[in-house]
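>
Number of protein chains: 2
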Amino acid sequence: MTPNSDNADKYRVKSLDHAIDVVEALADGGRDGLAVTEVATAVGMSKSSAYSILQTLLRRGFVASQGSGPTRRYRLGLSFAYLGDRVTSQTGLREVAMPYLEELTRAAGLTSRLAIFDEGYAVAIGRVDGPGTIRIAPFLGRRELPHATAIGKAMLATLGDDEIHRIIKSTGLPARGPNTIVDVDTLLRDLRRTAERGYAVDDEEDTAGVVCIGASVLDRTGTCVGAISVTALKHEMRADAVAEIGVLVRRYADTITAELGGR
Amino acid sequence: MTPNSDNADKYRVKSLDHAIDVVEALADGGRDGLAVTEVATAVGMSKSSAYSILQTLLRRGFVASQGSGPTRRYRLGLSFAYLGDRVTSQTGLREVAMPYLEELTRAAGLTSRLAIFDEGYAVAIGRVDGPGTIRIAPFLGRRELPHATAIGKAMLATLGDDEIHRIIKSTGLPARGPNTIVDVDTLLRDLRRTAERGYAVDDEEDTAGVVCIGASVLDRTGTCVGAISVTALKHEMRADAVAEIGVLVRRYADTITAELGGR
DNA sequence: GATCTTGTTCGGTATCACCAAACGGGGTTA
DNA sequence: TAACCCCGTTTGGTGATACCGAACAAGATC
Numbered sequence: 015m016t017p018n019s020d021n022a023d024k025y026r027v028k029s030l031d032h033a034i035d036v037v038e039a040l041a042d043g044g045r046d047g048l049a050v051t052e053v054a055t056a057v058g059m060s061k062s063s064a065y066s067i068l069q070t071l072l073r074r075g076f077v078a079s080q081g082s083g084p085t086r087r088y089r090l091g092l093s094f095a096y097l098g099d100r101v102t103s104q105t106g107l108r109e110v111a112m113p114y115l116e117e118l119t120r121a122a123g124l125t126s127r128l129a130i131f132d133e134g135y136a137v138a139i140g141r142v143d144g145p146g147t148i149r150i151a152p153f154l155g156r157r158e159l160p161h162a163t164a165i166g167k168a169m170l171a172t173l174g175d176d177e178i179h180r181i182i183k184s185t186g187l188p189a190r191g192p193n194t195i196v197d198v199d200t201l202l203r204d205l206r207r208t209a210e211r212g213y214a215v216d217d218e219e220d221t222a223g224v225v226c227i228g229a230s231v232l233d234r235t236g237t238c239v240g241a242i243s244v245t246a247l248k249h250e251m252r253a254d255a256v257a258e259i260g261v262l263v264r265r266y267a268d269t270i271t272a273e274l275g276g277r
Numbered sequence: 015m016t017p018n019s020d021n022a023d024k025y026r027v028k029s030l031d032h033a034i035d036v037v038e039a040l041a042d043g044g045r046d047g048l049a050v051t052e053v054a055t056a057v058g059m060s061k062s063s064a065y066s067i068l069q070t071l072l073r074r075g076f077v078a079s080q081g082s083g084p085t086r087r088y089r090l091g092l093s094f095a096y097l098g099d100r101v102t103s104q105t106g107l108r109e110v111a112m113p114y115l116e117e118l119t120r121a122a123g124l125t126s127r128l129a130i131f132d133e134g135y136a137v138a139i140g141r142v143d144g145p146g147t148i149r150i151a152p153f154l155g156r157r158e159l160p161h162a163t164a165i166g167k168a169m170l171a172t173l174g175d176d177e178i179h180r181i182i183k184s185t186g187l188p189a190r191g192p193n194t195i196v197d198v199d200t201l202l203r204d205l206r207r208t209a210e211r212g213y214a215v216d217d218e219e220d221t222a223g224v225v226c227i228g229a230s231v232l233d234r235t236g237t238c239v240g241a242i243s244v245t246a247l248k249h250e251m252r253a254d255a256v257a258e259i260g261v262l263v264r265r266y267a268d269t270i271t272a273e274l275g276g277r
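Chains as they are written, first to last, in this note's numbering: chain A, 15 to 277; chain B, 15 to 277.
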């Protein structure tokens, strides 16, 4: 009899799950990687088990190793770069949008990003860094809260109220930055305003000191397939520049939408 | 008694290997993904096994599914985008080089790429698409032959002869394009010339109709950490433009090298 | 509305993933 | 230079489990 027989283990391949634990440990392992013992303790398994998993991943290019003997260290391999590139290309949206994103970055002088919807969350699949020395390095592929980001709110604003309720019921409205909207009615008002003016504003709602402005991208059927945004430090942005940049972002989003056959 | 007891299975986690087979099948599965049955036949396992693996990967975000019931299809998930971005960022080279790569693309009007060495192969970790309508879409993270690409030859040219022999012994000198160098002595001569003028030229050696020009990037210890290159269609490039662009690529490579503290 | 195709569920068994402990080789210190 | 220590690598045994075959169910197609 299992101690807690919840059905979380149904159709779960345990050893694969453990291997994923190893991979995620390596992702957080930093530049110079992790030793076998460090991996084993990080994921809570025996040294030899971790070793077998690492060897298997190594042979497939999912981890790389440097050094040998007692100084050997493991880090993520380039197979992830390959598959990651395929994933972000698979939608097709990325190929169309990236050139315009580069234009937008040049025009606004700010880092810009491209995101899609994934299970209610906003996920960036493209990025063009701006010229500024400030390097707000937003990783690709990480899930971001829809209600606390410009890119998320831009996408939410294209949906019906029932769909919005369904999403925020699963993600919740957790506070992230000083101004995060944690109230449903306030969020709905903000989304209505977003839809009217055509762009979403995140004023320190996700991260203190950071302002984002985003706009949605539609496909030929009129459904939202993603959004683009620009990011700036609050103290570098004049208050009256927000509307100006908002219109700019909206214009580029419309261009991409048109390219996709949308209207 | 195993039929063929070669030690290829030492420290191999079979179920993990199978899961990787599934992942690679999905990578080739195209935009709209694969059904469970298609996955099972592609990797040669039972439907239910494939199902368990897919469910496990699904819960961790490594695959995504659309549809339900008999129309359900699976494709790669965004966790790969996240990890892939971390891998390409982990070297640190990418953060430094990408802004210059964008400049280079603008200056040359051509698609440019950034690559590193991986087990003797050249692997692209960054790319900036040029304005041309031709979209030579070189995937990131895929291993490319060192002797048949500008980016690979640029890196080889920084090594000693013994190191070069060690690498081409493992990769071989297979023909890829009309002008692939398949002879060791010819390759060594080409590499010496590459070292002298500072840039490598791939004149239809990897792909027919495609010309690449690359130059190496060094770190502060003077060892080669990667290379950059530009790609063009042969019929669009004047013969005398090669030297001109070669100097340009060399200059940007030097700039990146200097940024890394190299000399 | 009948039928076919395909995703999902279930149970048994041979396989194998996991652990503990031993081995061996660099790195470090005295 | 030599002894110690630490850590990656190897091995063998066993209890858990990954895999398969077959049955079930739910849409799609005509």
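For each residue, glycine too, the CB sits at the ideal point set by N, CA and C.
Comparing the C-beta of I270/B with each C-beta of chain A, is any distance below 7 Å?
So, not an interface residue.
> For the alpha helix (DSSP H) containing D98/A, list its first residue and its last residue.
According to the sequence displayed, residue 98/A carries Gly and not Asp. Run containing G98/A: 93–104, per the alpha helix (DSSP H) assignment.
> Report buried or exposed for A272/B, applying the criterion of at least 16 other Cβ atoms within 10 angstroms of its Cβ.
Counting Cβ neighbours within 10 Å, A272/B comes out exposed, since fewer than 16 surround it.
> Under a three-way DSSP split, which group does G166/B fall into?
Three-state DSSP puts G166/B in a helix.
> Looking only at its own chain, which residues have a Cβ that is under 7 Å from the Cβ of S60/A, when we skip the five neighbours before and after it?
Same-chain partners within the cutoff: A54.
> CA-CA distance, L247/A and P145/A?
For L247/A and P145/A, the distance between alpha carbons rounds to 13 Å.
> Taking the alpha-carbon positions, what's the G172/A to R73/A distance?
Sequence inspection shows Thr at residue 172/A; the Gly mentioned does not correspond to that position. Rounded to the nearest angstrom, the two C-alpha atoms are 45 Å apart.
> Can you give the beta carbon distance from I67/B to L48/A, rounded, assuming they're within the 8 Å contact cut?
Contact doesn't hold; Cβ gap of about 25 Å is too wide.
> One question on the structure: do F94/A and L128/B come within less than 7 Å of each other, judged by their Cβ atoms?
Not closer than 7 Å, so no.
> Taking all protein chains shown into account, decide if H179/B is buried (16 or more other Cβ within 10 angstroms of its Cβ) or exposed.
It counts as exposed.
> Are A136/B and E117/B close, meaning C-beta to C-beta below 7 Å?
Going by C-beta atoms, A136/B is not nearer than 7 Å to E117/B.
> Compare the beta carbon distance of A214/B and K167/B with 7 Å and say whether it is the shorter of the two.
Their beta carbons are under 7 Å apart, which means A214/B touches K167/B by this criterion.
> Is the beta carbon of L232/A sitting closer than 7 Å to the one on C238/A?
Yes, they are a contact pair.
> Could you work out which residues of chain B lie near R203/A, taking near to mean beta carbons separated by less than 7 Å?
In chain order: nothing, as chain B lies at least about 30 Å away.
> Given a threshold of 16 other Cβ atoms within 10 Å of its Cβ, counted over all protein chains shown, does R141/A qualify as buried or as exposed?
The residue is buried, with at least 16 neighbouring Cβ atoms inside 10 Å.
> When the Cα atoms are used, what is the spatial distance from T221/A to P188/A?
About 13 Å.
> Just reading off the alpha helix (DSSP H) that I227/B is part of, what are its end residues?
First-last for I227/B: 224–232, but that is the beta strand (DSSP E), not the alpha helix (DSSP H).
> Pull up the DSSP beta-bridge partners for V77/B, would you.
Answer by DSSP bridge pairing, in chain order: L90/B.
> So does the region 189–198 of chain B actually touch the region 100–116 of chain A, counting three or more Cβ pairs closer than 8 Å?
No, they do not touch.
> Who are the Cβ neighbours of R190/B in its own chain at under 8 Å, not counting the five residues just before and after it?
Taken in chain order, the residues that qualify are L159, A162, E219, D220, T221.
> Would Q80/A pass as an interface residue toward chain B - the criterion being a Cβ-Cβ separation below 7 Å?
No, Q80/A lies away from the interface with chain B (no Cβ there is under 7 Å from its Cβ).
> Which partner residues does G123/B have in the DSSP bridge list?
Note: G123/B sits in no beta bridge, so no partner.
> So, with DSSP's three-state summary, where would you put G140/A?
G140/A falls in the strand class under three-state DSSP.
> Inspect the CB distances between the region 82–91 of chain B and the region 36–52 of chain B and report whether three or more fall short of 8 Å.
Output reads yes: the region 36–52 of chain B touches the region 82–91 of chain B.
> Drop a sphere of 10 angstroms on the beta-carbon of H32/A, count the other beta-carbons inside from all chains shown, and report buried for 16 or more, exposed for fewer.
It counts as buried.
> I'd like to know whether the C-beta of G155/B is nearer than 7 Å to at least one C-beta of chain A.
Yes, G155/B counts as interfacial toward chain A.
> S60/A versus chain B: which residues are under 8 Å apart at the beta carbon?
Simply none; closest approach about 13 Å.
> List, in chain order, every chain A residue whose beta-carbon is nearer than 8 Å to that of M112/B.
Those within 8 Å of M112/B in chain A are D143.
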